[in-house]
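Peer 1:
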């Protein structure tokens, strides 16, 4: 009985935070299948939104999120599309609706607004997202690693 309770708590805890090993983040490139344009004064590659059910299934699995629980999650682009994020599995995670998704949306919107006006660079916008994430979830994302990381190409 005790073991079952501990296991249940571990799964709930595991699915309520971002896991850097499964969601390291990555950026759209001009060779991405979903590339749409170079945008903003900086000319960063932007991708159109494309997240299939198969992709959600792959992304949810390491987080222990069953399909029946999907309504409680937003399949979030860790690095938002609006600041040049990719649809790649490495940039998606099941973010709990009750786990700060609205707070992250505020940071995303601020980063997007400033980037689109040329007030900040893509690197600075990505750092805003990483700083928020590190603060909210106790992670240790590094802007250099995310900016230099290549997507795995799994986003079908």
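In our numbering, the protein residues as written are 3 to 158.
Each residue gets a CB set at the ideal place from its N, CA and C atoms; glycine is no exception.
Enumerate, from N- to C-terminal direction, the unbroken beta strand (DSSP E) stretches of 3 or more residues contained entirely within the segment 51-129.
Peer 2: Whole beta strand (DSSP E) segments, 3+ residues: 75-79 and 94-98.
Peer 1: Could you pull out every residue in the same chain whose Cβ sits closer than 7 Å to the Cβ of residue 49, ignoring the five residues on either side in sequence?
Peer 2: Residue numbering aside, residue 49 sits at position 47 when the chain shown is read from its first letter. Hits under 7 Å: 30, 34, 36, 37, 38, 83, 88 and 89.
Peer 1: Express the C-alpha separation of residue 64 and residue 131 in angstroms, rounding to a whole number.
Peer 2: Here residue 131 refers to the residue found at position 129 of the chain shown. Here residue 64 refers to the residue found at position 62 of the chain shown. Their backbone Cα atoms lie some 22 Å apart in a straight line.
Peer 1: Can you give the Cα-Cα distance for residue 93 and residue 69, rounded to whole angstroms?
Peer 2: The residue given as residue 93 occupies position 91 in the chain shown. The residue given as residue 69 occupies position 67 in the chain shown. In a straight line, the C-alpha of residue 93 is about 19 Å away from that of residue 69.
Peer 1: Which residues in the same chain have their Cβ closer than 8 Å to the Cβ of residue 120, if we skip the five residues on either side of it in sequence?
Peer 2: Looking up residue 120 in the chain shown gives position 118. These residues qualify, in order along the chain: 42, 43 and 44.
Peer 1: Excluding the 5 residues flanking residue 78 on each side, which residues of the same chain have their C-beta closer than 8 Å to its C-beta?
Peer 2: For this step, residue 78 is matched to residue 76 along the chain shown. Contacts found: 94, 95, 96, 97, 103 and 106.
Peer 1: I need the boundaries of the alpha helix (DSSP H) containing residue 2, first residue and last residue.
Peer 2: Since the first and last residues shown for the chain are 3 and 158, residue 2 lies out of range.
Peer 1: Go through its chain and collect everything with a Cβ distance to residue 146's Cβ below 7 Å, but skip five positions before and after it.
Peer 2: Start at 1 with the first residue of the chain shown, and residue 146 comes out as number 144. Closer than 7 Å at the Cβ level, and outside the excluded window around residue 146, lies no residue.
Peer 1: Roughly how many whole angstroms lie between the Cα atoms of residue 3 and residue 24?
Peer 2: One-based indexing of the chain shown puts residue 3 at position 1. One-based indexing of the chain shown puts residue 24 at position 22. Unreliable positioning characterises residue 3 in this predicted model, as indicated by a pLDDT of 40, which lies under 50. The coordinate reading is nonetheless provided below. Between residue 3 and residue 24, the C-alpha separation is close to 30 Å.
Peer 1: Figure out for me which residue from 56, 32 and 128 has the closest Cα to the Cα of residue 91.
Peer 2: For the purposes of this step, residue 91 is taken as the residue at position 89 of the chain shown. The residue with the shortest Cα to Cα distance from residue 91 is 56.
Peer 1: What's the C-alpha gap between residue 133 and residue 59?
Peer 2: Numbered from its first residue, the chain shown carries residue 133 at position 131. Numbered from its first residue, the chain shown carries residue 59 at position 57. Each residue's Cα considered, the two are about 28 Å apart.
Peer 1: What residues in its chain sit with their C-beta under 6 Å from that of residue 74, if we drop five residues either side in the sequence?
Peer 2: The residue you call residue 74 lines up with position 72 of the chain shown. Answer for residue 74: 99, listed in chain order.
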